[in-house]
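Residue numbers (our numbering): 100 to 352.
Only one structure is covered here, and it is reproduced in the block below.
So this is what it looks like as C-alpha cells:
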C-alpha cells in the first residue's frame with residue numbers, strides 16, 4: 100500500500116505531462132464515493148485506460164482493477180499493476196475465487212473497476228457488453244458508474260501527447276442491477292447491458308472531440324448507397340416478419 104501512495108502522485112504528474120487530460124462529470128464520481136459499494140464501468144481502448152482512470156479517481160483508498168492475466172506476464176508491468184490495485188483473472192476459466200474476493204472488497208466500500216467489454220476494442224468504438232461487471236455489482240449490492248474515455252484523435256485511439264477526456268456519467272442505482280425474476284434472468288441481463296451501452300454511447304455523443312463529431316457526421320453520407328429508380332414493371336416484394344432473436348445468454352468478462 101505504501102508503494103501505491105508513492106506511485107499514484109508520480110504517475111499523475113507523468114500522465115499530465117504526456118497527455119492533455121480533461122475530466123468531466125466529477126460530481127457523479129463524488130456522489131458514489133460515500134462509503135457505499137460502487138463499480139466503475141469504463142469502455143476500453145488502450146492498455147493505459149485503467150491507469151488514466153485510476154489517477155483521475157485519485158483515491159487514497161486503492162481501487163481494485165480487474166485485469167486479464169496476460170498483462171502480468173511481464174514482471175515489471177505485473178509489479179506496477181499490482182501496486183496500482185490490479186488483480187489478475189483467468190478469462191473464460193470461471194475464476195470464482197478472484198470474483199468472490201473482488202465482490203467482498205466491493206461490499207466493504209472499495210471501488211472496483213471492471214471493463215464490461217472484457218477486452219480492448221482497438222477502434223475507439225464500443226464493443227459487445229458482457230456480463231461480468233453486472234454479476235459483481237449485483238452480488239455486492241453496488242451502484243454502477245458508466246465512464247467513457249475519449250481520445251482526441253481521428254481514429255479514436257491513444258497517441259502520444261493527445262487530448263484525453265474522461266467522462267463520468269450518472270450512476271446506475273444498485274436496485275436497478277438486481278435480477279428480480281430468476282426465470283427471466285437472460286432478459287434482465289440484456290436490459291442491463293443495453294442500459295449501460297446506451298449510457299456509454301450518450302457520454303460519447305455529448306463529449307466527443309470536434310474531429311470525431313465531424314467524422315461521425317460525414318460517415319452516413321459516405322456510406323449511403325445510391326437509390327435505384329423504380330421501374331413501371333417493378334412489384335413491391337413482401338418482407339416476412341422475423342421473430343426477435345433470443346439472447347444467447349451472459350458471457351464471461
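For every residue, glycine included, the Cβ atom is placed at its ideal position computed from N, Cα and C.
7 Å Cβ shell around residue i - same chain, five flanking residues per side excluded
i: residue 276; result: 233, 236, 237, 243 and 291
i: residue 189; result: 168
i: residue 140; result: 213, 215, 232, 243, 244, 245, 246 and 295
i: residue 100; result: 161
i: residue 284; result: 278
i: residue 198; result: 235
i: residue 130; result: 270
Residues near residue i by beta carbon distance below 8 Å, same chain, minus five either side
i: residue 344; result: No answer about residue 344 holds up, because its pLDDT of 35 lies below 50 and its placement is not dependable.
i: residue 170; result: 146, 176, 177, 180, 185 and 187
i: residue 255; result: 144, 222, 223, 224, 249 and 311
i: residue 202; result: 235, 238 and 239
i: residue 260; result: 117, 118 and 119
i: residue 111; result: 154 and 157
i: residue 220; result: 142, 143, 144 and 226
i: residue 330; result: Any reading at residue 330 must be qualified, since the residue scores a pLDDT of 43, below 50, and its modelled position is unreliable; the value itself is stated next. Closer than 8 Å at Cβ, skipping near neighbours: no residue.
i: residue 194; result: 188
i: residue 300; result: 225
Whether residue i touches residue j by CB criterion (8 Å)
i: residue 241; j: residue 103; result: no
i: residue 142; j: residue 267; result: no
i: residue 162; j: residue 156; result: yes
i: residue 257; j: residue 182; result: no
i: residue 308; j: residue 251; result: yes
Residues near residue i in its chain [Cβ-Cβ closer than 6 Å; skip 5 each side]
i: residue 303; result: 247
i: residue 118; result: 263
i: residue 328; result: The pLDDT assigned to residue 328 is 46, lower than 50, so where the model puts this residue is not dependable, and the model offers no usable value.
i: residue 298; result: 245 and 268
i: residue 253; result: 310
Residues that DSSP places opposite residue i in a beta bridge
i: residue 267; result: 246
i: residue 123; result: 266
i: residue 212; result: 139 and 164
i: residue 188; result: 167
N-terminal and C-terminal residue of the beta strand (DSSP E) that residue i is part of
i: residue 140; result: 137–141
i: residue 167; result: 163–167
For residue j and residue i, believed in contact at Cβ under 8 Å, the rounded distance
i: residue 206; j: residue 215; result: In fact, because the Cβ distance is near 20 Å, the residues do not count as touching under 8 Å.
i: residue 265; j: residue 122; result: 5 Å
i: residue 114; j: residue 154; result: 6 Å
i: residue 271; j: residue 294; result: 7 Å
i: residue 135; j: residue 210; result: Incorrect: roughly 10 Å between the Cβ atoms, too far for contact.
i: residue 287; j: residue 280; result: 7 Å
Boundaries (first-last residue) of the alpha helix (DSSP H) holding residue i
i: residue 284; result: 284–306
i: residue 278; result: Premise fails: residue 278 is in no alpha helix (DSSP H) and is neither H nor E.
i: residue 181; result: 174–182
i: residue 231; result: 231–239
i: residue 218; result: First-last for residue 218: undefined, no H or E at that position.
i: residue 272; result: First-last for residue 272: undefined, no H or E at that position.
i: residue 203; result: 195–206
i: residue 155; result: 148–156
i: residue 104; result: 101–117
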